[in-house]
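What follows is a set of notes on a single structure, which appears directly below.
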Amino acid sequence: MARAHVLGVPRIGPNRELKFAQEACWRGEIDEAALKAVASGIRQANWRQQHAAGLDFVTVGDFAFYDQMLNHVALLGCVPERFGFGERIALSEYFQLARGNAACHAMEMTKWFDTNYHYLVPEFKPDTHFALDPGGLFDEVTEAQTAGFAAKPVLIGPLTFLWLGKEKAAGFNRLDLLDRLLPVYAQILARLKAQGVEWVQIDEPALALDLPAEWRSAFERAYHALNGAGVKLLLASYFGPLRENLLVALKLPVAGVHVDCVRGGDELAQVIDWLPATKVLSVGVIDGRNIWKTDLNAVVDRFEGLHARLADRLWVAPSCSLLHVPASLAGETAMDAELGNWLAFADDKIAALSTLKTAFNQGRQAAAAELSANARALASRGASSRVHNTAVAARLAALTSIHDVRNSPFAVRQSVQRERFKLPDFPTTTIGSFPQTPEIRHVRARFKAGALGEADYTTAMQNEIGHAIEKQEALGLDVLVHGEAERNDMVEYFGEQLSGFAFSQNGWVQSYGSRCVKPPIIYGDVSRPRPMTVAWARHAQSLTVKPVKGMLTGPVTMLQWSFVRDDQPRATTALQIALAIRDEVADLETAGIGIIQIDEPAYREGLPLRKADWAAYLEWASRAFRISASGVSDATQIHTHMCYSEFNDILPAIAAMDADVITIETSRSDMELLRGFGEFSYPNEIGPGVYDIHSPRIPDVEDMTRLLEKAAQVIAPDRLWVNPDCGLKTRGWAETETALANMVAAAHTMRQSLQSAIR
Ligand code: GLN
Ligand code: ZN
21 MARAHVLGVP RIGPNRELKF AQEACWRGEI DEAALKAVAS GIRQANWRQQ
71 HAAGLDFVTV GDFAFYDQML NHVALLGCVP ERFGFGERIA LSEYFQLARG
121 NAACHAMEMT KWFDTNYHYL VPEFKPDTHF ALDPGGLFDE VTEAQTAGFA
171 AKPVLIGPLT FLWLGKEKAA GFNRLDLLDR LLPVYAQILA RLKAQGVEWV
221 QIDEPALALD LPAEWRSAFE RAYHALNGAG VKLLLASYFG PLRENLLVAL
271 KLPVAGVHVD CVRGGDELAQ VIDWLPATKV LSVGVIDGRN IWKTDLNAVV
321 DRFEGLHARL ADRLWVAPSC SLLHVPASLA GETAMDAELG NWLAFADDKI
371 AALSTLKTAF NQGRQAAAAE LSANARALAS RGASSRVHNT AVAARLAALT
421 SIHDVRNSPF AVRQSVQRER FKLPDFPTTT IGSFPQTPEI RHVRARFKAG
471 ALGEADYTTA MQNEIGHAIE KQEALGLDVL VHGEAERNDM VEYFGEQLSG
521 FAFSQNGWVQ SYGSRCVKPP IIYGDVSRPR PMTVAWARHA QSLTVKPVKG
571 MLTGPVTMLQ WSFVRDDQPR ATTALQIALA IRDEVADLET AGIGIIQIDE
621 PAYREGLPLR KADWAAYLEW ASRAFRISAS GVSDATQIHT HMCYSEFNDI
671 LPAIAAMDAD VITIETSRSD MELLRGFGEF SYPNEIGPGV YDIHSPRIPD
721 VEDMTRLLEK AAQVIAPDRL WVNPDCGLKT RGWAETETAL ANMVAAAHTM
771 RQSLQSAIR
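Structure below.
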């Protein structure tokens, strides 16, 4: 009898109940008891759902008030010393670790593998000690058991926990903490055993990464040490194939392994070959990273034979935790039925597990209705004219090498553009957005709700543009922007105007803490029915003689921040978006916009988990960017912008994008991140950010001059631009004006010293 289970489910509640309760608690509007009651309600509803779907266990420990890694910091008693808390922390202290307090900055946050979820980074020092927290997880196990459910707790494994942490002292290796950590894991397992738990899921997604040899060999040591606990361990890997870690994983002394058959499907035969005869194999057959219905008939075809051999040693599951997909389609009242029928959010994925379990254990006939409904949904998607657009396919097929190169090399373009724009040395500009005031948000909301007509909305936005242009002229900036008042989220803004994109009303996914995002759904071939930004840009340009920079979002970022099609390669979708942007770039150029920025803040985060896969990604990603940017004359200046600048390992690919100007975030690292560009001899112009827009601190002229002087030591001064780190939409006008006035003054200082140096 095949079994079915999930690795984890969304914890925010179907209508973001957790978010609203957290934020109310932080504002002091509800007390902790009320927040805990909401949390318990979410957990109970999740367990009831898993139980009702006939899953063999309910998963416990996938809930977190902020983050699962932070939960483990608490569970393992390794709270950063600098906060001065004890080993056991209260909920209010837990939140201070995540959000900081007056005395201590928050724990660092970073992306969870290649997802858009962010975790808090454990801090390790040579004297870090671990001590079990007897509350938390164990209470939740009791809570599930008391409600009558068979609980399968989930833990982040010791090696993944250490791997994802950071050393906060020089000259030591956090792997050295393993021997101190393992006894605490053993205590956890012993306690769970005493609670009557049969299976514990232990997540080691680090197995999907390139691991140094010493880390790989540590797995064997670690799991031998945990072997004696008496509970059965299901070692879960996900987010990619195991590759050279495959044997390591399969030979560990655990009772079962889970593998990601969506991303690691090619390895399945090898996994089965090496699977020891007594081990359980949990196959992750339902995509936990995307929102499409799984082809259930194909899964049954593929695994029927294996089920006959493994019987109750075969478990079916999603590829990874369902944390990365929205909870339920139930709230999507505005979504059309055809598209809705192609989608599966978390609750549909759980229902699909139930169908698979029935089909394996009782024969296909017993699940005939569900299987044929699934087949019909897939057939409808496969044949839909909304998905396939022959004109887009023809354009893609006609792409040749002339479409992804500019007419002339950079040096030629640079002199043509200098002649055209006659900008001063150290030209000043901004990244695109200006403060999004409550008034702007209000106008947008009223327009969206239908309470404000198109004409009034246009007037209101044009007034905002006028205001932004006036301010920029008064500040003396050289290249102006229209300010992006009409945009809420950049990907949403463009997605809403492109064919092939759809939006849910309630498809929220946790990004970090109480923050959730609602990614667009790219379901069909992408094209641009009509210009998207031209009218705004033209209006802005009509108000000034200075050049106004057109502002677009690039193909890689649009792809990266959306749920994408699973019926064609990501690269193909990226090229389709690139062509749509290329059309917009051409229209902007025709409208007289001479400088166009194509933002790619997500370019770096699109990198695959494994280095071996980087080259292929960078090849299509940089080509997609160039296709979007290369349809213009030499005299049109293309900018790109990226947040963060840890690009040292991909500088050739950044250079291969061939943007005339790149603006990057460098002020927080005190220009250190720019050094790599210098050493690499980055060929084109660069605007290293001199104003940290994430900080409320207003930099003064000296601060920014010093940063520019530092920059001028690594980049030739005649290729340097002066700009903030990122867009200003989260800042207020007063601070923005002061900071930009200081920035312009810093540029003047630089110009003067350059002039006197030449003289
Ligand atoms: N042009 C965008 C802005 O200024 C860029 C945003 C980003 O880099 N994430 O807001
Ligand atoms: Zn940015």
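In my numbering, the protein residues as written are 21 to 779. Backbone N, C-alpha and C fix where the C-beta goes; we use that ideal spot for every residue, glycine too.
Check                                                                                                                                                                                : Outcome
Can you check DSSP and say which residues form a bridge with Ser302?                                                                                                                 : His278, Trp335
Can you have a look at Val300 and say buried or exposed, based on whether 16 or more other CB atoms are within 10 angstroms of its CB?                                               : buried
Which residue marks the beginning of the beta strand (DSSP E) containing Ser531, and which one marks its end?                                                                        : 529-532
Counting pairs of Cβ atoms below 8 Å between the stretch 323-336 and the stretch 351-360, do you hit three or more?                                                                  : no
Which word fits Gln580, buried or exposed, when buried means at least 16 other C-beta atoms lie within 10 angstroms of its C-beta?                                                   : buried
For the alpha helix (DSSP H) that contains Pro203, what are its first and last residues?                                                                                             : 198-214
Could you give the distance in angstroms between the alpha-carbon of Asn136 and the alpha-carbon of Gln772?                                                                          : 44 Å
Per DSSP, what are the beta-bridge partners of Gln657 in this structure?                                                                                                             : Ile615
Measure the CB-CB distance between Met677 and Phe645 and report whether it falls below 7 Å.                                                                                          : yes
Beta carbon of Ser665, beta carbon of Thr683: below 7 Å?                                                                                                                             : no
Would you mind giving the Cβ-Cβ distance between Lys131 and Glu625, rounded to the nearest angstrom? I have them listed as a contact below 8 Å.                                      : 6 Å
Hey, is Asp82 close to the ligand GLN, as in C-beta under 6 Å from one of its heavy atoms?                                                                                           : no
I'd like the list of long-range same chain contacts for Pro261, defined as Cβ closer than 6 Å, with 5 residues on each side in sequence excluded.                                    : Gly284, Glu287
Do Met129 and His138 come within 7 Å of each other at the CB atom, strictly closer than that value?                                                                                  : yes
Evaluate contact between the stretch 60-74 and the stretch 152-159, counting only Cβ atoms and requiring at least three cross-stretch pairs below 8 Å.                               : no
Give the secondary structure of Ile718 by DSSP, where H, G and I count as helix, E and B as strand, and everything else as coil.                                                     : coil
My output table needs one value for His138: the three-state DSSP class, helix, strand or coil.                                                                                       : strand
Using the C-alpha atoms, what's the distance from Ala245 back to Arg200?                                                                                                             : 12 Å
Under a CB-based cut-off of 7 Å, is Leu195 close to chain B?                                                                                                                         : In the structure shown, chain B cannot be found, because there is only a single protein chain.
Using the Cβ count rule (16 or more neighbours within 10 Å means buried), how would you classify Pro458?                                                                             : exposed
Between Ala151 and Glu113, is the Cβ-Cβ spacing less than 7 Å?                                                                                                                       : no
Can you tell me whether Asn91 is buried or exposed, with buried defined as 16 or more other CB within 10 angstroms of its CB?                                                        : buried
Pull up the CB-CB distance for Ser524 and Glu352, whole angstroms please, since I reckon it's below 8 Å.                                                                             : 6 Å
When DSSP builds the beta bridges, which residues end up paired with Gly570?                                                                                                         : Ile616
With hydrogens ignored, establish whether the beta-carbon of Pro621 is closer than 6 Å to any heavy atom of the ligand GLN.                                                          : yes
Examine the Cβ distances between the stretch 22-30 and the stretch 76-94 and report whether three or more of them are shorter than 8 Å.                                              : yes
Might you give, ordered along the chain, the residues of its own chain that have their beta carbon closer than 6 Å to the beta carbon of Lys730, omitting 5 neighbours on each side? : Met691
In its own chain, which residues sit with a C-beta less than 7 Å from the C-beta of Gln561, not counting the 5 before and 5 after it?                                                : Val568, Gly612, Ile613
Using the three-state DSSP reduction, which class does Met662 fall into: helix, strand or coil?                                                                                      : strand
Just list the residues that DSSP pairs Thr130 with in beta bridges.                                                                                                                  : Tyr139
Return the residue from the list Asn381, Ile292, Gly520, Phe514 that minimises the CA-CA distance to Ser404.                                                                         : Gly520
What is the DSSP secondary structure of Ala522, reduced to helix, strand or coil?                                                                                                    : strand
For Gln775, which residues in the same chain have their Cβ closer than 7 Å to its Cβ, ignoring the five residues on either side in sequence?                                         : none
Return yes when at least one heavy atom of the ligand GLN lies under 6 Å from the C-beta of Lys749, else no.                                                                         : yes
Would you tell me roughly how many angstroms separate the C-alpha atoms of Trp385 and Ile370, rounded to the nearest one?                                                            : Residue 385 is actually Gln in this sequence, not Trp. Their Cα atoms are separated by approximately 20 Å.
Using alpha carbons as the reference points, say which of Cys536, Asp321, Val576 lies closest to Ile542.                                                                             : Val576
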